[in-house]
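Heads up: the sequence shown runs through residues 9 to 186, numbered per the working numbering.
Heads up, the thing below is written out as structure tokens.
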Amino acid sequence: MPSVRIVGGALLALVALALYGGSDQWGHWGCTDRNAERGEAGVRVQVVEETGKPLGVSAEIVDWNLEVHPQVPDRGEGVHFRYRFEGADPTSGPAVDACAVDVGRVALGCVTVYSSQAFGPDGPLSGDEWLSVRHPEQVAGVLLIPDDQSYYGRTCEADIKDGGGLHPPTPPRTGDQL
Numbered sequence: 009m010p011s012v013r014i015v016g017g018a019l020l021a022l023v024a025l026a027l028y029g030g031s032d033q034w035g036h037w038g039c040t041d042r043n044a045e046r047g048e049a050g051v052r053v054q055v056v057e058e059t060g061k062p063l064g065v066s067a068e069i070v071d072w073n074l075e076v077h078p079q080v081p082d083r084g085e086g087v088h089f090r091y092r093f094e095g096a097d098p099t100s101g102p103a104v105d106a107c108a109v110d111v112g113r114v115a116l117g118c119v120t121v122y123s124s125q126a127f128g129p130d131g132p133l134s135g136d137e138w139l140s141v142r143h144p145e146q147v148a149g150v151l152l153i154p155d156d157q158s159y160y161g162r163t164c165e166a167d168i169k170d171g172g173g174l175h176p177p178t179p180p181r182t183g184d185q186l
């Protein structure tokens with residue numbers, strides 16, 4: 009006759025399986041995704057990783073102006089800006105978000121710029137980019153957000169076993185206060 013201890017243990021195991029469902033549920037206990045806090049935007053920033061640790065790379069807006077893009081003149085005026093990275097690896101360096109803002113530092117349009125794609129006429133880590141904004145007359149400047157956006161990592165949804173952890177902040181959107 010089986011002992012009460014064995015029957016009780018088997019019953020407890022069955023109850024646990026019934027309560028928690030299939031095996032895919034077990035992985036959710038340890039996998040959590042979190043986004044880092046967004047850093048302070050500026051014209052010149054020190055690029056930081058998800059934990060806020062500086063990467064030894066700076067990025068800056070060299071200049072900007074409103075003008076008509078020569079390849080798509082029917083779109084009207086856009087924000088044309090030049091940027092530069094210092095201290096980045098030219099082949100696999102960081103990326104930061106750049107946003108055209110109004111006088112209240114509200115984002116009017118944003119784009120991610122990559123140091124590895126910066127190969128403009130002002131040096132190997134310089135580049136230029138265009139931003140379309142709904143009301144170009146409201147643009148008061150272009151700011152960079154210091155958080156490295158070059159690597160997001162696996163999420164719990166994509167990889168329950170190896171995903172999760174701290175990720176870069178969510179990218180800024182039109183209307184965000186910077």
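Ideal placement from N, C-alpha and C gives every residue a C-beta, glycine not left out.
What distance in whole Å lies between the Cβ atoms of residue j and residue i, which are believed to be in contact at a cut-off of 8 Å?
{"i": "ARG46", "j": "PRO177", "result": "4 Å"}
{"i": "GLY128", "j": "GLY135", "result": "4 Å"}
{"i": "THR59", "j": "GLY172", "result": "No, THR59 and GLY172 are not in contact; Cβ-Cβ is about 15 Å, not under 8 Å."}
{"i": "PHE89", "j": "VAL51", "result": "Not really, about 10 Å apart at Cβ, beyond 8 Å."}
{"i": "ALA67", "j": "VAL55", "result": "6 Å"}
{"i": "VAL87", "j": "LEU139", "result": "4 Å"}
Give me whichever residues DSSP pairs with residue i in a beta bridge.
{"i": "ILE153", "result": "ASP105"}
{"i": "PHE93", "result": "ALA67"}
{"i": "HIS175", "result": "ASN43"}
{"i": "GLY50", "result": "LEU152"}
Under DSSP, the beta strand (DSSP E) around residue i begins and ends at which residues?
{"i": "GLU58", "result": "First-last for GLU58: undefined, no H or E at that position."}
{"i": "SER134", "result": "134–139"}
{"i": "TYR160", "result": "Element bounds for TYR160: n/a, residue is neither H nor E."}
{"i": "VAL114", "result": "Here VAL114 belongs to no beta strand (DSSP E), and DSSP marks it neither H nor E."}
Could you name the residues of the same chain whose beta carbon sits closer than 8 Å to that of residue i, not counting the 5 residues immediately before and after it, in chain order?
{"i": "VAL114", "result": "GLY183, ASP184, GLN185, LEU186"}
{"i": "ARG181", "result": "ALA115, CYS118"}
{"i": "ASP71", "result": "PHE89, ARG90"}
{"i": "LEU174", "result": "ARG42, ASN43, ALA44, GLU58, THR59"}
{"i": "HIS77", "result": "ARG83, GLY86, HIS88, TRP138"}
Tell me the DSSP secondary structure of residue i in three-state form.
{"i": "GLN79", "result": "coil"}
{"i": "GLU85", "result": "strand"}
Who are the near neighbours of residue i in its chain, counting only those whose CB is closer than 7 Å to its CB and skipping five residues on each side?
{"i": "GLU121", "result": "Contrary to the premise, residue 121 reads as Val rather than Glu in this sequence. For VAL121, where only same-chain residues beyond five positions count, the Cβ hits under 7 Å are TYR91, ALA103, VAL104, ALA106, GLY135, GLU137."}
{"i": "VAL111", "result": "ALA148"}
Considering only residues of the same chain and omitting the five flanking positions on each side of residue i, which have a CB-CB separation below 6 Å?
{"i": "ALA49", "result": "LEU151, ILE153, LEU186"}
{"i": "PRO62", "result": "GLN54, VAL56"}
{"i": "GLU94", "result": "SER66"}
{"i": "THR163", "result": "ASP41, GLY171"}
{"i": "SER158", "result": "PRO102, ALA103"}
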